[in-house]
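Okay, so here's the structure we're looking at.
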Amino acid sequence: MATSQYYPDGDTSNDGGTCLDHHVSTVPCRRTMVRRSSAFLSLKKFSTAISTQDLYGVDERENFNGPYAHLRKLILSDSDQYKHYTKERSWLQNAIVDDFLDNVEDKDMCITPTEPWLIFTVGVRGAGKIHTIHDLVQTNRLPILSFVQVNPDAIRRHLPEYETYDKNLVNDLTRKESSFIAELLLLAAIQSGRNIVFDTVMRNPDWFSKLIDNIKLLGSASFKFAVFHINAPTELIFKRAKKKALETGREIEEETTLKSLESITESLEKIKPSVDFFCEIHNGLDSYSLMDGMDWDKFQTVFLQACRWKPGMKGKQKMDTEKTFSAKETDEINSFSLRKARETKSPFSVLISSEENNRSDNMHLYGKYSHIRKTLDYSYHTNYTFERQMLQDSIITDMLNEAYILDEEGNIGTVATDPWIVFTAGAMGAGKGYTMKYLVEEQWFPLPAFVIVDPDEIRRLLPEYQLYITENPERAGELTRKEV
């Protein structure tokens, strides 16, 4: 179809001339005919011995794209431990970030307070950091207005390779990418003015101090910073860690836990001067207690919040700081945030289709193509998760952006006056692709003006495609057919 979005700059022909010099009535220069195809996709063969950063990372540190391009550039300019990622992998990462940010059902609910908090929950595995935060929010002891949870462990479970790696190696092989996505999510949440809960063992307090300084430099002066040191009896920590090991298959030696307990104490002393609030929460067998003379009334008062004004609100619609919320009101404010934070990503399996792996339990439609999704036949198709819809939108947008046309004056257009839909029909082996390639090479058909709808090309853009090819090659096409 000769309608699409168009690149702002003209491509260069083989002789150095720009294709913008050509008119529509003239055959475009040969180089503009080159389109992405399976031959040009940068796809490394998946290996269970190679990290996801090495599989999908690229050496260049430019050509950032997508809604978080500026944040990617910021992260890479300040760190040499990460790589830039392929455009296709960036789509998956962006979808994961969007999914974690989209944690409220009622879009009229206030999620941007006047003074948002970035709360670091610090403790070893088995201390119960996530469980403690959820209980404090649920009981309104921590009365923040919704929150985004940044947890690299939860993020890595969104990577399709997670279940394929050896359980004892999966953390190491996904650490760089999950940490990169966590930083991306953190900056995106800060940019949105959201409350954030960052789960960490704080191995490197200097990094966190620098992070706080950078956030302040970004003009986010309204942000406040807190550290919750969450601890528990050592024997209880060991017991919880063993239970977790049975669930994940990854065991942490007790000696490692003891060393982490010592290092956390040192890290906390370094980070305390950089934060607005610090407390130690003891997570016992069936109760929580505050240490160092802090009581729950004082604690709650610190985190009472007012809603930031936005168009359509009457006044500032401030929350009544003297009011103790009922269980129902607390649930209305935080229930979806809590459910979202508690969600466990269903493990990816190469034995079932990409449709089944990413199926949604509801019929909620999202994104800029939601009105088109609404017209699909759901007696045949399934609906997809929010994260997957965002990824599909990225693929569609990118394929639309590949097409471009020129008007009679040599200018790039946006819509053809008489658009065509061209169907290439024929059995497998008839040579449809070869024929089109020949027409292009002979300059008989202006392929760049058309959006190419090719299920095989779309299939290769799915983040699981190489996993299917490696682990289940005979069924790779079948298992991606419904989604593509």
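Taking full-length UniProt numbering, the leading residue of the sequence shown gets 1, the next gets one more, and so forth. Ideal Cβ positions, reconstructed from N, Cα and C, are used throughout, including at glycine.
{"Query": "Own chain residues within Cβ distance below 7 Å of R308, not counting five before or after", "Result": "T112, P113, T114 and G193"}
{"Query": "Cross-strand partners of A226 (DSSP beta bridge)", "Result": "I119 and F277"}
{"Query": "The alpha helix (DSSP H) enclosing Y434, as first and last residue numbers", "Result": "K432 to E441"}
{"Query": "Separation of L173 from L145, as counted between CA atoms", "Result": "35 Å"}
{"Query": "Heavy atom of the ligand SAH within 6 Å of E247 beta-carbon", "Result": "Among the ligands in the structure shown, none appear at all, so the ligand SAH cannot be discussed."}
{"Query": "As assigned by DSSP and simplified to three states, the class of Q149", "Result": "strand"}
{"Query": "Buried versus exposed call for H158 [16 or more other C-beta atoms within 10 Å across all chains shown]", "Result": "buried"}
{"Query": "Cα-Cα separation, H84 to L169", "Result": "23 Å"}
{"Query": "Beta bridge counterpart(s) of H282 as assigned by DSSP", "Result": "N231 and S289"}
{"Query": "Residue range of the unbroken beta strand (DSSP E) whose run includes I252", "Result": "Run containing I252: none; DSSP gives neither H nor E here."}
{"Query": "Beta-carbon gap between W296 and R125 smaller than 7 Å", "Result": "no"}
{"Query": "Beta-bridge partners of R359, as assigned by DSSP", "Result": "Y384"}
{"Query": "Contiguous alpha helix (DSSP H) assignments of at least 4 residues, all confined to the stretch 126-181", "Result": "129-138 and 152-156"}
{"Query": "Terminal residues of the beta strand (DSSP E) in which D199 lies", "Result": "I196 to T200"}
{"Query": "Sequence-distant residues of the same chain with beta carbon closer than 6 Å to Y165, five excluded per side", "Result": "T48 and L173"}
{"Query": "V302, DSSP secondary structure in three states", "Result": "helix"}
{"Query": "Residue from T257, E255, D135 and Y380 with nearest C-alpha to G284", "Result": "D135"}
{"Query": "Within 7 Å, strictly: CB atoms of F208 and T470", "Result": "no"}
{"Query": "First through last residue of the alpha helix (DSSP H) which encompasses G367", "Result": "First-last for G367: undefined, no H or E at that position."}
{"Query": "Three-state secondary structure assigned by DSSP to I415", "Result": "For the record, residue 415 in the displayed sequence is Val; it is not Ile. Reduced to three states, the DSSP call for V415 is strand."}
{"Query": "Stretch-stretch touch, CB-based, cutoff 8 Å, three pairs: the stretch 355-364 with the stretch 378-385", "Result": "yes"}
{"Query": "According to DSSP, residues forming a beta bridge with P113", "Result": "C307"}
{"Query": "Spatial neighbours of L467 in its chain, beta-carbon cut-off 8 Å, leaving aside the 5 residues before and after", "Result": "F46, P160, E161, T164, F348 and V350"}
{"Query": "Limits of the unbroken alpha helix (DSSP H) element including N214", "Result": "P205 to L217"}
{"Query": "Contact check, V201 vs F278, beta carbons under 7 Å", "Result": "no"}
{"Query": "Beta-carbon separation (whole angstroms), M390 vs A95, contact threshold 8 Å", "Result": "4 Å"}
{"Query": "As assigned by DSSP and simplified to three states, the class of I469", "Result": "helix"}
{"Query": "Under 7 Å between C-beta atoms of G433 and D393", "Result": "no"}
{"Query": "Pair within 7 Å by beta-carbon distance, E253 and A245", "Result": "no"}
{"Query": "Y56, DSSP secondary structure in three states", "Result": "helix"}
{"Query": "Where L447 falls: helix, strand or coil (DSSP)", "Result": "helix"}
{"Query": "Nearest-angstrom Cα separation, counted from G429 out to I352", "Result": "28 Å"}
{"Query": "Expected contact under 8 Å - CB spacing of K176 and Q53 to nearest Å", "Result": "4 Å"}
{"Query": "Pairwise C-alpha distance: R459 and R481", "Result": "8 Å"}
{"Query": "S260 beta carbon less than 7 Å from that of P205", "Result": "no"}
{"Query": "Spatially closest choice to V484 from N472, E457 and E247, by CA coordinates", "Result": "E457"}
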